[in-house]
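Step one of this worksheet: look at the structure below.
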Amino acid sequence: MHVLLLLFCLTGVQAQQNFSKPIVRSIQIERLNVFDPAVSGEDWWIFKLANKIHIKTKPHVIERELLLKSGSVWDPLKAEESERNLRQFSFLKNARLLAQENQKGVLNLAVRTQDTWTLEPQILFSIEGGEKSYSAGILERNLLGLGKEISLFHDQTGGERRNEARFFDPRLYGTWVRSYALYNETDTGHEKQFLVERPFYSLSTLSAFQIRYARLTKEDNLFQWAHTISSFQQAHELFRTQFGFKVNKDPTFPHRLEGGYWYQRDRFDASLTTTAGSLPQGRKWSAPFLSYSWVQAEYLKDNFIDKAERLEDFNLGNEARFLIGYAGESLGSDRERILYEARQHQGIPLGPGRFLLLEGGATGRVREKKLENALYFGSLNVYWKLPTVFPQTWVWHVEGAYGKHLDGENQLILGGDNGLRGYKVLSFTGNKSILMNVEGRIFHPKEVLALTYVGAAVFFDAGTVASPGQPLLWKDIKSDVGIGFRLGPTRSASGTVARMDLAYALKGNPAGGSRWVVSIISGHAFGSDTNTVRHLLLGAATDIRDESITTRFKKR
């Protein structure tokens with residue numbers, strides 16, 4: 006009897022607690038155009054014309070990203086997640102959810118968004134690390150206001166030409182399924198790729214899946230001192246599918262188990278420019294795999310970190326992913342192999358506007374108890390925003406990488422396009438690397454012409470790459486110093502900072518040429534990850550999910 010009474014009381018308390026949570030009665034969506042005529046400086050006739058040309062994001066495109074619906078119980082965690090879901094779209098400049106309780110237990114939810122300019126006819130010219138490139142084409146990031154993306158581009162980087170068509174639908178037929186398709190042609194090959202996935206779109210999502218296929222032929226190159234030392238043809242085919250589900254109930258620390266199948270085949274053929282002994286061996290594996298991951302949600306939102314005034318989200322919690330697969334000859338592989346991957350991410354808050362990010366990982370294969378294409382890498386980033394009238398952020402970046410028995414086409418690469426601005430692109434290659442960057446960024450606090458923030462930067466870069474069998478030595482470290490000019494666009498879809506840097510190599514350039522190097526390009530000189538291995542972790546195929554045309558074309 007006492008037990009029944011206790012259970013009744015506990016049930017009553019729980020019911021009362023649930024009842025006390027506010028209910029979302031209505032959701033109102035307020036959509037601002039690219040320019041707001043009510044704001045001084047945004048009421049020029051040319052801005053009004055731009056607003057008329059631009060098709061605003063449809064209300065249902067905004068509403069479908071909300072994890073809260075009319076009639077649902079108010080949950081501040083889901084409100085924050087909904088904001089992050091909206092901010093991930095480049096066609097939105099900002100997104101805010103405001104809850105107002107109009108009577109006890111009932112509230113109205115207001116969603117305020119502002120569009121960016123998404124139709125981008127582009128003729129781009131850039132110089133980075135002494136290498137010139139240009140691209141021309143058209144990109145629409147919010148087709149008819151439906152959130153879909155389509156692009157057509159021609160690019161020429163160095164001596165290679167490339168034509169590309171890409172399509173992205175973030176909500177296939179209104180579902181949570183995303184779809185990507187890409188086709189490109191180059192002077193030496195072509196690439197076809199598609200990806201369909203239903204991601205873990207929130208911390209409470211119970212299941213997810215992915216299907217990816219890629220097929221390409223291309224000319225691959227080996228480099229030394231910014232020169233090509235060998236070339237060969239590569240044919241690459243990839244099919245990968247996986248399904249996963251959440252295995253715990255923690256609303257802020259989900260653990261996920263996934264299983265899938267991974268098929269990959271690489272074939273290499275010699276050409277007239279293939280150096281003797283440099284042709285990589287072909288590979289094929291057919292492997293089921295399991296992976297386990299978790300995400301500890303401790304998100305920070307701030308501006309003037311990597312972009313200008315646009316808010317960005319950084320997770321300071323722990324994230325991890327582990328994968329193991331078995332490629333057996335009986336399954337169609339050319340050799341018995343174990344495939345493995347491990348990644349870790351951890352953030353540490355250091356005060357308002359200041360935080361640290363640590364990342365590390367390992368990936369590779371094991372065949373006959375010996376490592377193949379093993380990569381070990383890690384990076385540390387410190388962001389230190391100063392409480393000054395002029396927004397100012399200092400960034401410290403340190404990374405290291407080591408490769409053991411790398412596949413014949415793979416090299417760690419460091420140069421003017423990934424962190425060492427005083428040197429030519431592709432200057433240093435090998436199997437072990439270190440890189441350090443210190444950069445101070447400062448912007449004028451007022452938006453110029455309602456279009457951009459103007460700023461400047463000072464920087465110091467240092468790093469090197471050592472060849473197999475050679476140690477990393479202090480005397481081999483190359484370094485540079487420089488100054489730069491920054492533009493932080495506020496209306497463009499990407500919001501990526503454009504930079505013009507002038508760097509001076511403190512040590513002579515082994516590739517020859519002047520010690521002064523000018524870079525004019527969109528995007529920062531170094532990323533928060535391990536820059537020298539980024540191209541290896543992406544694999545042979547283009548990163549189809551990368552929105553940046555510049556980074557897709559930089560991938561070799």
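To convert, take the position in the sequence shown, counting from 1, and add 5; that gives this note's numbering. Ideal Cβ positions, reconstructed from N, Cα and C, are used throughout, including at glycine.
Query                                                                                                                    : Result
Own chain, CB closer than 8 Å to phenylalanine 395, minus 5 neighbours either side, in chain order                       : Ile447, Phe448, His449, Pro450
Residue(s) in a DSSP beta bridge with serine 291                                                                         : Tyr268
Those residues which DSSP pairs with tyrosine 206 across a bridge                                                        : None, per the DSSP bridge assignment.
Nearest candidate by alpha-carbon position, reference glutamate 68, set Ala170, Val78, Asn90                             : Asn90
Buried versus exposed, by CB contacts within 10 Å (16 or more), asparagine 253                                           : exposed
Nearest neighbour of glycine 366, chosen from Leu328, Arg372, Leu376 [CA to CA]                                          : Leu328
Local conformation of aspartate 506 per DSSP, three classes                                                              : strand
Element boundaries [beta strand (DSSP E), containing tryptophan 401]                                                     : 397–409
Close-in-space but distant-in-sequence residues of the same chain around arginine 504 (CB under 6 Å, 5 per side omitted) : Gly489, Arg491
Option nearest tryptophan 401 by Cα separation, candidates Glu444, Thr191, Ala104                                        : Glu444
Residues that DSSP places opposite serine 235 in a beta bridge                                                           : Leu227
Whole-angstrom C-beta distance between isoleucine 132 and serine 497, which should lie under 8 Å                         : Between isoleucine 132 and serine 497 the Cβ distance is about 21 Å, and since that is not below 8 Å, they are no contact.
Inter-residue spacing [alpha-carbon to alpha-carbon] between serine 296 and valine 538                                   : 22 Å
Own chain partners of aspartate 633 with C-beta closer than 6 Å, once the 5 adjacent residues on each side are dropped   : Any property of residue 633 remains undetermined from this structure, which presents the chain solely from 6 to 561.
Extent of the continuous beta strand (DSSP E) run through serine 156                                                     : 153–162
Selection from Asn56, Lys26, Glu314 that minimises the alpha carbon distance to valine 39                                : Asn56
Collapsed DSSP secondary structure at glycine 75 in the structure displayed                                              : A small fix is needed here, since residue 75 is serine in this sequence, not glycine. Residue state, collapsed to three classes: coil.
Presumed contact (8 Å Cβ cut-off) between tyrosine 509 and glycine 420, rounded CB distance                              : Actually they are not in contact, since the Cβ atoms of tyrosine 509 and glycine 420 sit about 16 Å apart, beyond 8 Å.
Through-space distance from isoleucine 32 to phenylalanine 24, alpha-carbon basis                                        : Only weak support is given to the placement of phenylalanine 24: the predicted model assigns it a pLDDT of 48, under 50, and the question is left unresolved by the model.
Threonine 62 versus alanine 100: straight-line alpha-carbon distance, rounded                                            : 12 Å
Histidine 529 in three-state terms, based on DSSP                                                                        : coil
Chain B within 8 Å of valine 29, Cβ atoms only                                                                           : No chain B appears in this structure, which consists of one protein chain only.
Buried or exposed (CB count within 10 angstroms, at least 16 for buried), phenylalanine 273                              : buried
Cβ pair count under 8 Å reaching 3, the segment 545–552 against the segment 235–252                                      : yes
CB contact flag (phenylalanine 360, phenylalanine 319, <8 Å)                                                             : yes
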